[in-house]
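For the sequence shown, the positions run 29 to 367 when our numbering is used. Data first, discussion second: the structure below is written as structure tokens.
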Amino acid sequence: MKTCLITGGSGFVGSNFVRHILHKDSDCRVINVDKLTYAGNPANLCDIENDDRYTFVHGDICDPEIIGEIFRNEKPDVVINFAAETHVDRSIGSPDDFIRTDVFGVFTLLEASKQYGVSLFLQVSTDEVYGSIDEGSFQEHDQLLPSSPYSASKAGGDRLAYSYYVTYNLPVIITRASNNYGPNQYPEKLIPLFVTNALENRPLPVYGDGKNVRDWLFVNDHCSAIVFIIKNGENGEVYNVGGSNELMNIEITHSILEHLGKDEELIQYVEDRKGHDFRYSLDCSKLRQLGWEPEHSFPEALAETVDWYKSNEKWWKPIKSGEFRNYYEKHYKLPYANE
Ligand code: NAD
Ligand code: TYD
């Protein structure tokens with residue numbers, strides 16, 4: 029039986045991936061190491077926590093002792109590194125943890141993988157490492173010009189992983205996906221924040237003029253791409269993973285309000301994010317030529333996502349009333365300011 033060490037498996041993409049791989053591959057065992065930061069939530073995996081093939085370890089990827097112990101005890105074949113600090117706005121406020129986890133954490137995992145040996149180290153990177161592009165789309169060999177502390181630290185982890193391939197022959201593959209959406213995404217990111225705010229009749233804070241563009245990828249498509257790349261990708265290569273759904277933030281905002289039958293008056297234009305990247309765009313022909321493409325259309329998967337938040341208030345209400353609320357009040361003043 030193959031053993032996968034999945035880091036950050038209690039977060040948004042990681043938890044969807046753990047569920048996906050256990051479902052798709054009956055011959056797979058999963059070890060999930062997660063620090064359970066504000067973004068890690070054991071409830072994301074409550075349906076599989078009793079699966080014999082699943083083990084949870086509460087630990088920090090920056091801690092070489094815990095990571096070494098996992099490698100010695102569990103002997104993982106494949107490492108898939110999702111663990112990261114991920115929210116651009118938080119990285120602008122306090123970059124420290126980003127540099128620690130997104131660079132040093134990757135180093136710790138790479139060192140252990142080199143020492144104990146693995147058949148694959150897959151570093152989950154992001155389209156944000158390329159920076160913004162006004163026209164056209166980035167290919168995998170284009171230069172990296174990250175512009176937020178989040179994307180810069182992810183670029184550090186991305187290139188460090190590559191350096192272990194070149195220098196030590198570690199079998200490394202890097203994926204760079206576009207903006208994910210779907211169930212269990214922490215409600216600080218655009219789509220879950222706006223859906224849950226709308227459900228609570230709170231304002232939707234659109235940064236700047238709302239014309240910034242992102243490409244949107246349904247989380248299950250990201251998961252299927254990673255499984256595909258594990259099977260078909262080549263060591264030392266980078267693969268862009270996009271959804272072919274480029275939209276302006278304001279278009280997404282209108283779609284969410286429409287799905288929920290809510291009034292456009294909930295839209296509130298607020299001060300722009302510092303250094304706000306205008307547009308992300310990926311050329312995904314390399315992965316398409318290898319044989320993968322996304323299965324979900326944006327309108328259907330957005331409707332499914334909106335319905336999930338509608339039906340799972342018990343998941344997001346406690347988050348929005350606890351630490352999240354304190355953080356939001358301190359940093360944004362909106363949308364809770366008038367209560
Ligand atoms: P998330 O913030 O929802 O989850 C991150 C998880 O990592 C949490 O469970 C958290 O507890 C854990 N974690 C953080 N620091 C840790 C540490 N030091 N040790 C162990 N665990 C730690 O993030 P996400 O949206 O699920 O993103 C997962 C990965 O996918 C990240 O590497 C991110 O850069 C990448 N990615 C995300 C998107 C997206 O749109 N969400 C797009 C492209 C790439
Ligand atoms: P986000 O979900 O934070 O992802 P990223 O910045 O990593 O792409 O934001 C997506 C887009 O939505 C981005 O252009 C910023 C914008 N945005 C808002 O307009 N208002 C908000 O409250 C948030 C969180 C994001």
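Backbone N, C-alpha and C define an ideal beta-carbon position, used for all residues, glycine too.
For residue i and residue j, I'd like the C-alpha separation in whole angstroms.
i: residue 126; j: residue 286; result: 35 Å
i: residue 37; j: residue 66; result: 13 Å
i: residue 53; j: residue 225; result: 37 Å
i: residue 364; j: residue 110; result: Bear in mind that a pLDDT of 46 at residue 364, under 50, signals an unreliable position, so the number given afterwards is only what the model happens to contain. Answer to the nearest angstrom: the Cα atoms are 31 Å apart.
i: residue 92; j: residue 266; result: 26 Å
i: residue 79; j: residue 213; result: 23 Å
i: residue 41; j: residue 117; result: 19 Å
i: residue 215; j: residue 30; result: 34 Å
i: residue 85; j: residue 59; result: 7 Å
i: residue 82; j: residue 164; result: 42 Å
i: residue 367; j: residue 297; result: Here the model assigns residue 367 a pLDDT of 41, short of 50, so the residue's position is not dependable and the matter cannot be decided.
i: residue 51; j: residue 162; result: 39 Å
i: residue 264; j: residue 254; result: 15 Å
i: residue 177; j: residue 45; result: 26 Å
i: residue 138; j: residue 241; result: 33 Å
i: residue 329; j: residue 238; result: 22 Å
i: residue 47; j: residue 157; result: 27 Å
i: residue 136; j: residue 179; result: 19 Å
i: residue 115; j: residue 186; result: 17 Å
i: residue 331; j: residue 132; result: 38 Å
i: residue 310; j: residue 202; result: 15 Å
i: residue 141; j: residue 337; result: 38 Å
i: residue 370; j: residue 104; result: As shown, the chain starts at 29 and ends at 367. That puts residue 370 outside it, with no answer to give.
i: residue 108; j: residue 294; result: 39 Å
Does the beta-carbon of residue i have 16 or more other beta-carbons within 10 angstroms, so that it is buried, or is it exposed?
i: residue 151; result: buried
i: residue 194; result: exposed
i: residue 182; result: buried
i: residue 63; result: buried
i: residue 43; result: buried
i: residue 246; result: buried
i: residue 231; result: buried
i: residue 342; result: exposed
i: residue 74; result: exposed
i: residue 100; result: exposed
i: residue 155; result: buried
i: residue 259; result: exposed
i: residue 348; result: buried
i: residue 324; result: buried
i: residue 250; result: buried
i: residue 327; result: exposed
i: residue 209; result: buried
i: residue 350; result: exposed
i: residue 361; result: Its pLDDT being 49, under 50, residue 361 is placed unreliably in this model, and the value from its coordinates should be taken loosely. With fewer than 16 other Cβ atoms within 10 Å, it is exposed.
i: residue 268; result: buried
i: residue 196; result: exposed
i: residue 229; result: exposed
i: residue 206; result: buried
What are the partner residues of residue i, as DSSP defines its beta bridges?
i: residue 276; result: 241
i: residue 209; result: 246
i: residue 84; result: 60
i: residue 35; result: 61 and 109
i: residue 30; result: 56
i: residue 201; result: 150
i: residue 166; result: 310
i: residue 385; result: One cannot answer for residue 385 here, as it falls past the ends of the chain, which runs 29 to 367.
i: residue 269; result: 205
Which whole-angstrom value describes the C-beta separation of residue i and residue j, a residue pair presumed to lie in contact below a C-beta threshold of 8 Å?
i: residue 236; j: residue 300; result: 4 Å
i: residue 271; j: residue 243; result: 6 Å
i: residue 153; j: residue 308; result: Their Cβ separation, rounded to whole angstroms, is 13 Å, which puts residue 153 and residue 308 out of contact at 8 Å.
i: residue 71; j: residue 134; result: About 27 Å separates the two Cβ atoms, so there is no contact after all.
i: residue 284; j: residue 222; result: 5 Å
Comparing the CB of residue i with every heavy atom of the ligand SAM, is any distance shorter than 7 Å?
i: residue 41; result: Absent from the structure shown: the ligand SAM. Ligands present: the ligand NAD and the ligand TYD.
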